[in-house]
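The next block holds one structure in the form of structure tokens; read it before the comments.
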Amino acid sequence: MQRWPLGVFASIDAGLGVQPEVAHALGVPTIQLHAPRSRTPRQAEAFSARLRELGMQVTVVFGGFEGESYADIATVGRTVGLVPPATRAARTAEMKEIADFARRLEAEAIGLHVGALPHRAEGADYGGVLSAIREVCDHAGRLGLRVHLETGQEPAAVLLEFLGDAQRENLAINFDPANMILYGCGDPIRALGDVGPYVRSVHCKDARWAARPGVDWGREAPLGEGDVGMETFLRTLAAIGYFGPLTIERETAPDAQRQKEEIGRGVALLNGLKAKILNRD
Ligand code: MG
Numbered sequence: 231m232q233r234w235p236l237g238v239f240a241s242i243d244a245g246l247g248v249q250p251e252v253a254h255a256l257g258v259p260t261i262q263l264h265a266p267r268s269r270t271p272r273q274a275e276a277f278s279a280r281l282r283e284l285g286m287q288v289t290v291v292f293g294g295f296e297g298e299s300y301a302d303i304a305t306v307g308r309t310v311g312l313v314p315p316a317t318r319a320a321r322t323a324e325m326k327e328i329a330d331f332a333r334r335l336e337a338e339a340i341g342l343h344v345g346a347l348p349h350r351a352e353g354a355d356y357g358g359v360l361s362a363i364r365e366v367c368d369h370a371g372r373l374g375l376r377v378h379l380e381t382g383q384e385p386a387a388v389l390l391e392f393l394g395d396a397q398r399e400n401l402a403i404n405f406d407p408a409n410m411i412l413y414g415c416g417d418p419i420r421a422l423g424d425v426g427p428y429v430r431s432v433h434c435k436d437a438r439w440a441a442r443p444g445v446d447w448g449r450e451a452p453l454g455e456g457d458v459g460m461e462t463f464l465r466t467l468a469a470i471g472y473f474g475p476l477t478i479e480r481e482t483a484p485d486a487q488r489q490k491e492e493i494g495r496g497v498a499l500l501n502g503l504k505a506k507i508l509n510r511d
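Numbering (the working numbering), first residue to last: 231 to 511.
Have a look at this one:
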């Protein structure tokens with residue numbers, strides 16, 4: 231595969247992400263897919279056929295769950311991922327179904343926001359989240375898939391501790407530099423260096439720091455217009471040896487047309503940086 235193929239975050243049904251046809255029109259060969267609510271073998275086959283026609287490849291299928299809320303940072307901690315105890319078993323089962331669906335789409339991995347991870351020292355609940363992610367990893371591993379944890383809802387050191395404790399070879403990271411800024415969880419470039427060996431997919435997303443990081447949200451920005459520093463981000467990816475897909479994620483554009491235009495500008499920006507950085511070595 232070429233180095234740093236571009237990607238976008240896409241969706242089959244309405245909701246997060248753009249349609250695969252939009253990605254194709256922008257000359258983007260890969261997508262990460264937001265898992266649809268309905269995931270029958272027949273729907274997987276129909277979607278695979280649509281992608282084959284476009285010559286596109288799904289790299290990661292991302293799970294998201296009923297009842298999650300991103301209203302504010304505290305609410306994320308209470309509602310997102312495998313961290314809330316009340317929904318953990320059902321969501322673990324759902325991630326296994328998403329792995330079955332991802333396998334049918336010939337994806338390489340499933341991904342999720344595991345939630346705001348507790349610290350190991352917080353005791354029993356840490357063990358519960360660890361068991362849940364191991365169960366998902368073991369199921370995905372039998373299907374030949376990796377499991378990618380989205381970064382940003384905890385500092386890099388907490389994530390590293392969790393990955394080390396999980397002891398699963400197919401557990402990796404989807405690095406999203408903007409999330410580190412949005413949640414106020416640390417400098418994204420330094421964090422990328424710290425978690426480098428685990429990074430198997432990335433989101434190219436940008437954001438501006440909040441006045442009170444970690445208390446208020448930062449603000450998502452079009453790619454290249456935030457505080458990440460896309461050239462430094464790509465150079466750091468090269469330094470850690472990551473040349474997998476660069477998947478553009480644009481979540482909060484005001485409407486579909488603006489989202490498409492901004493992703494188009496993101497594609498142009500990344501193509502320019504790729505030429506500048508890759509042609510030098
Ligand atoms: Mg992301």
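Each residue gets a CB set at the ideal place from its N, CA and C atoms; glycine is no exception.
Q) Would the C-beta of Glu298 count as close to ligand 1, meaning under 7 Å from any of its heavy atoms? A) The residue given as residue 298 occupies position 68 in the sequence shown. No, Cβ of Glu298 sits at least 7 Å from all heavy atoms of ligand 1.
Q | Length at least 4, wholly inside the stretch 313-373: the alpha helix (DSSP H) runs in chain order | A | Entirely contained in the stretch 313-373, the alpha helix (DSSP H) runs reaching 4 residues are, in chain order, 315-334, 354-372.
Q) Thr477: which of Ile242, Gln262, Asp395 sits nearest, CA to CA? A) For the purposes of this step, residue 477 is taken as residue 247 along the sequence shown, with counting starting at 1. If we check each option's Cα against that of Thr477, Gln262 comes out closest.
Q.
Here's the rule: buried if 16 or more other CB atoms are within 10 angstroms of the residue's CB, otherwise exposed. What is Thr270?
A. Start at 1 with the first residue of the sequence shown, and residue 270 comes out as number 40. Of the residues assessed, Thr270 falls on the exposed side of the cut-off, its CB having fewer than 16 other CB atoms within 10 angstroms.
Q) Would you call the stretch 450-468 and the stretch 494-503 touching, i.e. three or more CB-CB distances under 8 Å? A) The stretch 450-468 makes contact with the stretch 494-503, as at least three CB pairs between them are under 8 Å.
Q: Can you tell me which of Thr260, Pro418, Ala323 puts its alpha carbon nearest to the alpha carbon of Ser241?
A: As a first step, residue 241 must be located in the sequence shown, where it is residue number 11. In terms of CA proximity to Ser241, Thr260 leads the group Thr260, Pro418, Ala323.
**Q.** Opening and closing residue of the beta strand (DSSP E) in which Asn404 lies
**A.** Numbered from 1 along the sequence shown, position 174 holds the residue referred to as residue 404. Start and end: 401-405.
Q: Apply the 10 Å Cβ neighbour rule to Thr466 and answer buried if 16 or more other Cβ atoms are within range, or exposed otherwise.
A: As a first step, residue 466 must be located in the sequence shown, where it is residue number 236. Classification of Thr466: buried, given that the 10 Å Cβ count is 16 or more.
Q) Which same chain residues, not among the five before or five after Pro475, have their C-beta less than 6 Å away from its C-beta? A) Reading the sequence shown from its first residue, position 245 is the one you call residue 475. Pro235, Gly237, Thr260, Thr289, listed in sequence order.
(Q) Need the endpoints of the alpha helix (DSSP H) that Asp395 sits in, please. (A) Working through the sequence shown from its first residue, we reach residue 395 at position 165. Where Asp395 is concerned, the enclosing alpha helix (DSSP H) stretches over 386-396.
Q: Confirm the yes/no value for this check: CB of Glu365, any heavy atom of ligand 1, distance under 7 Å.
A: Mapped onto the sequence shown, residue 365 falls at position 135. Not one heavy atom of ligand 1 lies closer than 7 Å to the C-beta of Glu365.
(Q) Looking only at its chain, what residues have a beta carbon closer than 6 Å to the beta carbon of Gln383, apart from the 5 residues adjacent to it on each side? (A) By 1-based counting over the sequence shown, the position of residue 383 is 153. Ala346, Tyr413.
Q) Among the residues of its own chain, which have a CB less than 7 Å from the CB of Asp424, if the five just before and after it don't count? A) Residue 424 sits at position 194 when you count from the first residue of the sequence shown. Contacts found: Ala386, Leu390.
(Q) Output needed for Pro348: all residues of its chain with C-beta closer than 6 Å, excluding positions within five of it in sequence on either side, in chain order. (A) As a first step, residue 348 must be located in the sequence shown, where it is residue number 118. So the qualifying residues of the chain are Asp355, Tyr356.
Q: Evaluate the contact criterion for the stretch 416-430 versus the stretch 367-381: three or more CB pairs, one atom per stretch, below 8 Å.
A: Taking a contact to require three or more Cβ pairs closer than 8 Å, the stretch 416-430 and the stretch 367-381 qualify as touching.
**Q.** Euclidean distance between Cα positions of Gln249 and Gly285
**A.** Mapped onto the sequence shown, residue 249 falls at position 19. Mapped onto the sequence shown, residue 285 falls at position 55. Distance between the alpha carbons of Gln249 and Gly285: 14 Å.
Q. In terms of residues, what are the limits of the beta strand (DSSP E) holding Glu380?
A. Reading the sequence shown from its first residue, position 150 is the one you call residue 380. Residues 376-380.
Q) Exposed or buried, which one is Lys435 when buried takes at least 16 other CB atoms within 10 Å? A) The sequence position of residue 435 within the sequence shown is 205, counting from 1. By the beta-carbon neighbour count (other beta carbons within 10 angstroms, threshold 16), Lys435 is buried.
Q) Roughly how far, in whole angstroms, is the beta-carbon of His433 from the beta-carbon of Asn404, given that I think they are within contact range, below 8 Å? A) To locate residue 433, count along the sequence shown from 1; it is residue 203. To locate residue 404, count along the sequence shown from 1; it is residue 174. Rounded, the Cβ-Cβ distance is 7 Å, consistent with contact.
**Q.** Alpha-carbon spacing of Arg334 relative to Arg442, whole angstroms
**A.** Position 104 of the sequence shown holds residue 334. Position 212 of the sequence shown holds residue 442. Roughly 44 Å separates the two Cα atoms.
Q | Contacts around Ser299, its chain only, beta-carbon distance under 6 Å, and the 5 residues preceding and following it disregarded | A | The residue given as residue 299 occupies position 69 in the sequence shown. Within the same chain, Ser299 has close Cβ partners Thr305, Thr309.
Q. Should Glu492 be listed as close to ligand 1, given that the test is whether its C-beta is under 7 Å from any heavy atom?
A. Taking the sequence shown and counting its residues from 1, the one referred to as residue 492 is at position 262. In this structure, the C-beta of Glu492 stays at least 7 Å away from each heavy atom of ligand 1.
**Q.** Cβ-heavy atom distance, Glu384 to ligand 1, below 7 Å
**A.** As a working note, residue 384 is residue 154 in the sequence shown. No, ligand 1 has no heavy atom inside 7 Å of this Cβ.
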